[in-house]
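Enquirer: Next up is a structure, given as structure tokens.
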């Protein structure tokens, strides 16, 4: 019954590794987002896809690459992980670009 | 860049009291939204107010919007311990189309003591 799900919930990895976070929504929404929440709880938009098309691409390192195989999925791949990438990453979806439904978050810790 | 600020950053009240949180933003907006985040959880949408609206209610929540001052407030009446959470305002900038791009404030951490 989960509306927006993310896997994994926790991710602990070494610097330099490559990792992916997966997101799926079963709400039938056309638009999906990735946000980063830092240790001070500040949330910042990273990417957004509308029906598999990239519509928002904020200034993030190109080590971050979103991939949307279909409109129900938006995955985030991160290459060459750095200490500063440690944060909580949230996926969200929206039907019309208004209210957004968030996933439970993925806490990434880079050692 | 960060859109705006929330005030206060932290608020502690007794159960039954009202809680008021304020949000300021910098640019013209299409709408402003309030979200709640319980510790360790994702955000939950509470209420959306459009730029041509001045006040909106939803249960114990009352939101006001003053576009001339670029500010909004969220009032939670008769607070409960379960209202303990962080509250964020987020704006959709005018002219951003249907992207729904949200720009978040810093958040207010509310503690309601039983």
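Chains as they are written, first to last, in our numbering: chain L, 1 to 111; chain U, 1001 to 1114. Ideal Cβ positions, reconstructed from N, Cα and C, are used throughout, including at glycine.
1) Buried or exposed, going by whether 16 or more other CB atoms sit within 10 Å of the CB of residue 1021 (chain U)?
2) What residues from chain U crowd round residue 48 (chain L), counting only those whose CB sits closer than 9 Å?
3) Go ahead and label residue 1001 (chain U) buried or exposed: buried means 16 or more other beta carbons lie within 10 angstroms of its beta carbon, across all protein chains shown.
4) Less than 8 Å between the C-beta atoms of residue 1112 (chain U) and residue 1013 (chain U), yes or no?
5) Just the C-alpha distance for residue 1108 (chain U) and residue 60 (chain L), rounded to the nearest angstrom, thanks.
6) List, in order along the chain, the chain L residues whose C-beta lies closer than 8 Å to that of residue 1086 (chain U)?
7) Spell out the partners DSSP gives residue 70 (chain L) in its beta bridges.
8) Got a sec: which bits of the segment 78-110 of chain L sit with their beta carbon under 8 Å from any beta carbon on chain A, in order along the chain?
9) Give me the Cα-Cα distance between residue 1066 (chain U) and residue 1027 (chain U), rounded to the nearest whole angstrom.
10) In chain L, what lies closer than 8 Å to residue 1031 (chain U) by C-beta?
11) Is residue 1045 (chain U) close to chain L? Criterion is C-beta to C-beta, closer than 8 Å.
Expert: Answer, in terms of the structure:
1) Taking the first residue of the second chain as 1, we reach residue 1021 (chain U) at position 21. Classification for residue 1021 (chain U): buried.
2) In the first chain, the residue the question calls residue 48 (chain L) occupies position 48. Per Cβ cutoff of 9 Å: 1099, 1100, 1101.
3) Numbered from 1 along the second chain, position 1 holds the residue referred to as residue 1001 (chain U). Confidence in residue 1001 (chain U) is poor, its pLDDT being 41 and thus under 50, which makes the residue's placement too unreliable to answer from.
4) The residue given as residue 1112 (chain U) occupies position 112 in the second chain. The residue given as residue 1013 (chain U) occupies position 13 in the second chain. Between residue 1112 (chain U) and residue 1013 (chain U), the CB-CB gap stays under 8 Å.
5) For the purposes of this step, residue 1108 (chain U) is taken as the residue at position 108 of the second chain. For the purposes of this step, residue 60 (chain L) is taken as the residue at position 60 of the first chain. Using only the alpha carbons, I get a separation of about 26 Å.
6) Looking up residue 1086 (chain U) in the second chain gives position 86. Near residue 1086 (chain U) (Cβ distances below 8 Å), the residues of chain L are 41.
7) Here residue 70 (chain L) corresponds to residue number 70 of the first chain, with the count starting at 1. Note: residue 70 (chain L) sits in a beta bridge opposite L:73.
8) Absent here is chain A; the protein component of the structure consists of chains L and U.
9) In the second chain, residue 1066 (chain U) corresponds to position 66, counting from 1. In the second chain, residue 1027 (chain U) corresponds to position 27, counting from 1. Cα to Cα, residue 1066 (chain U) sits roughly 13 Å from residue 1027 (chain U).
10) What you label residue 1031 (chain U) is simply residue 31 of the second chain in a count that begins at 1. For residue 1031 (chain U), the neighbours in chain L by C-beta distance under 8 Å run, in chain order, 98.
11) The residue labelled residue 1045 (chain U) in the question sits at position 45 within the second chain. Yes, contact with chain L.
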